[in-house]
Amino acid sequence: MAKPILVIHGGAGIIPRESLTPEMRQKFLEGLENALKAGWNKLGTGCSATDSVAAAVACMEDSPLFNAGCGSVFTRAGSIRMEASIMDGATRQFGAATQLKSTKNPIQLAQLILEKQPNTHGFLCGEEAEEFGALHNLPQEPQEYFKTERRWKQHLEGLELDKRPQVSEDFSVVGPKG
Amino acid sequence: TVGAVALDVQGNLAAATSTGGKTNKMSSRLGDTPLIGCGTYAENGLVACSGTGDGEFFIRSVASYDIAAQMKYGGKSVQDASKFTLKSIEDLGGSGGLIALDSEGRFAMPNSGGMFRGWIGQDGVPHTAIF
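Taken in sequence, the protein lines are chains A and B.
Numbering-wise, the first sequence is residues 1 to 178 according to this note's numbering.
Numbering-wise, the second sequence is residues 1001 to 1131 according to this note's numbering.
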């Protein structure tokens, strides 16, 4: 019997230490704790590692703090496009999806693909991917569900920077990097 | 981007990653997150890995499998392998972070300048950190 363990991340290098207020810091730490507990509720009760990582990631997708699911960043056009993947180390099978705009929890779609058709259609894209999820009763949401004020502000700031010729190609100066 | 790696009581590893991409990306842009071997990888007896950061650099580095390959063929520890991979990403001009967990429960969380991260083990006590 192995000793179960779960490790998570919620993004890297996106907020300078000096600009992270104590309140925001606390919110992020609580968001991480919630994700750890969600994953541990699976892992600690004997569920699979695959179910555990999916639960932890879905919890962060549901939080507006993180750049995934609700709280995702905006495209240049002001829309939301999400992607996710999951891999089972036991079988080395995977499920992945990209160009998602209405799937509430992209990781659940990736897990569905892993469970249903990993060897024939492991990586799905766009509307057909979301239709596959909807067919299996995965919750769908309008684009408004995923949008947050904080991300919209980053989007507008990025567009302003984009207008400046000296930094027009330097996306590294703006917000999350994916 | 968010991600998770886990080892269950059966000794099985798994990895998952999800993202909205990067701010003001072109709508058709694909990142490393859904690409197995780049943003996500898991192999029993070896390692599970999830990445976050400059996606194109994680793709160029085949980052997640790069960690697995160093451990598989070079006998490196998960800490040394993940540190080396992140360094190679930084050398290319990218930045970000990784979480990697081996089949013995040892893990590494290297990052360029801070990463929201956490872990929980058998005692059920969550541990979190940012910088």
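Think of the CB as a built atom: it goes at the ideal place given N, C-alpha and C, for glycine as much as any other residue.
On a predicted model such as this, the values are computed, not experimentally measured, just so you know.
*Which chain D residues are close to residue 1117 of chain B, counting only those with a beta carbon under 9 angstroms from its beta carbon?*
This model lacks chain D altogether, as its protein chains are A and B.
*Cα separation between residue 1041 of chain B and residue 139 of chain A?*
26 angstroms
*C-alpha gap between residue 160 of chain A and residue 1110 of chain B, whole angstroms*: 32 angstroms
*Within the region 1021-1089 of chain B, note down every full beta strand (DSSP E) run reaching 3 residues or more, in order along the chain.*
1040-1043, 1047-1053
*Would you say residue 1043 of chain B reaches chain A, if we count a Cβ-Cβ gap shorter than 7 angstroms as a contact?*
yes
*Backbone secondary structure at residue 26 of chain A - three-state DSSP*: helix
_Short of 8 angstroms in beta carbon distance, which residues of its chain neighbour residue 1018 of chain B, apart from the five on each side in sequence? Order them along the chain._
1001, 1002, 1003, 1033
*From residue 1007 of chain B to residue 1105 of chain B, what does the alpha carbon distance come to, in whole angstroms?*
7 angstroms
*asked:* Could you check whether the Cβ of residue 77 of chain A sits closer than 7 angstroms to any Cβ belonging to chain B?
replied: yes
*Going by DSSP, what residues sit across from residue 93 of chain A in a beta bridge?*
A/88
*Mark residue 1025 of chain B as exposed unless 16 or more other C-beta atoms lie within 10 angstroms of its C-beta, in which case mark it buried.*
buried
_Residues bridged to residue 230 of chain A (per DSSP)_ = The structure shown does not extend to residue 230 of chain A, since chain A spans only 1 to 178, so no value can be given for it.
*So which residues of chain A does residue 1131 of chain B contact, with C-beta pairs closer than 8 angstroms?*
17
*Span of the alpha helix (DSSP H) holding residue 155 of chain A?*
149-163
*Output yes or no for whether 7 angstroms exceeds the beta carbon distance between residue 60 of chain A and residue 10 of chain A.*
yes
*Per DSSP, which residues does residue 1018 of chain B bridge with? Please list them.*
A/84, B/1002
*Quick one: which chain B residues come within Cβ less than 8 angstroms of residue 48 of chain A?*
1008, 1010, 1012, 1014
*Might you give, ordered along the chain, the residues of its own chain that have their beta carbon closer than 8 angstroms to the beta carbon of residue 1124 of chain B, omitting 5 neighbours on each side?*
none
*Return the chain-ordered list of same chain residues with a C-beta closer than 6 angstroms to the C-beta of residue 947 of chain B, the five sequence neighbours on each side being excluded.*
Nothing about residue 947 of chain B can be reported from this structure: the residues present for chain B run from 1001 to 1131 only.
*In the structure shown, what three-state DSSP assignment does residue 50 of chain A receive?*
helix
*Could you work out which residue in A/28, A/149, A/85 is closest to residue 129 of chain A when comparing CA atoms only?*
A/85
*Rounded to a whole number of angstroms, what is the C-alpha to C-alpha distance between residue 82 of chain A and residue 93 of chain A?*
21 angstroms
*Endpoints, alpha helix (DSSP H) assigned at residue 123 of chain A*: Note, residue 123 of chain A: premise wrong, no alpha helix (DSSP H); beta strand (DSSP E) at 123-125.
_Between the CA atoms of residue 1037 of chain B and residue 30 of chain A - distance to the nearest angstrom_ = 30 angstroms
*Neighbour list for residue 155 of chain A in chain B, Cβ cutoff strictly below 8 angstroms*: 1023, 1024
*Can you pull the DSSP bridge partners for residue 136 of chain A?*
Partner(s): none; residue 136 of chain A has no beta bridge.
_If distances are taken between C-alpha atoms only, which option among A/101, A/127, A/57 comes closest to residue 1005 of chain B?_
A/57
*Should residue 107 of chain A be flagged as near chain B, meaning a C-beta pair shorter than 7 angstroms?*
yes
*Neighbour-count burial assignment, residue 1058 of chain B, 16 or more Cβ in a 10 Å radius*: buried
*Beta-carbon proximity list for residue 170 of chain A, same chain, < 7 angstroms, skipping 5 on both sides*: Low confidence applies to residue 170 of chain A: its pLDDT is 46, below 50, so where it sits in the model is not reliable enough to give any reading.
*Throw me the rounded Cβ distance for the residue 1014 of chain B and residue 53 of chain A pair, which I believe falls under 8 angstroms.*
5 angstroms
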